[in-house]
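Add 8 to the 1-based position in the sequence shown for my numbering, that's all there is to it. Where a beta carbon is used, it is the ideal one built from N, C-alpha and C, also for glycine. Reviewing the structure listed below.
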Amino acid sequence: MANPQNYYVELRNSSGTTIGVHVYAYSEYDAMQQASGRNPGFRAMFARLR
């Protein structure tokens with residue numbers, strides 16, 4: 009398996025508050041899943057390589 013990479017993930021909650029977090033993951037999907045799991049109440053909008 010490849011090495012994890014640093015992804016920037018933007019999250020938004022139902023009130024419209026947006027936060028950005030950095031996550032080490034193997035794919036964009038994995039990064040979005042990890043970020044959403046670590047920030048309850050927020051949904052991942054997108055992920056991109058840092």
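Using only the alpha-carbon positions, how far apart do residue i and residue j sit?
i, j, result
"residue 41", "residue 52", "8 Å"
"residue 11", "residue 43", "18 Å"
"residue 30", "residue 19", "11 Å"
"residue 21", "residue 54", "13 Å"
"residue 23", "residue 49", "10 Å"
"residue 32", "residue 26", "20 Å"
"residue 28", "residue 17", "6 Å"
Which whole-angstrom value describes the C-beta separation of residue i and residue j, a residue pair presumed to lie in contact below a C-beta threshold of 8 Å?
i, j, result
"residue 15", "residue 46", "Actually they are not in contact, since the Cβ atoms of residue 15 and residue 46 sit about 13 Å apart, beyond 8 Å."
Report the three-state DSSP secondary structure of residue i (helix, strand or coil).
i, result
"residue 11", "coil"
What ranges does the beta strand (DSSP E) occupy inside the region 26 to 54, keeping only unbroken runs of at least 3 residues that lie completely in it? DSSP runs (the beta strand (DSSP E)) wholly in the region 26 to 54: 26 to 33.
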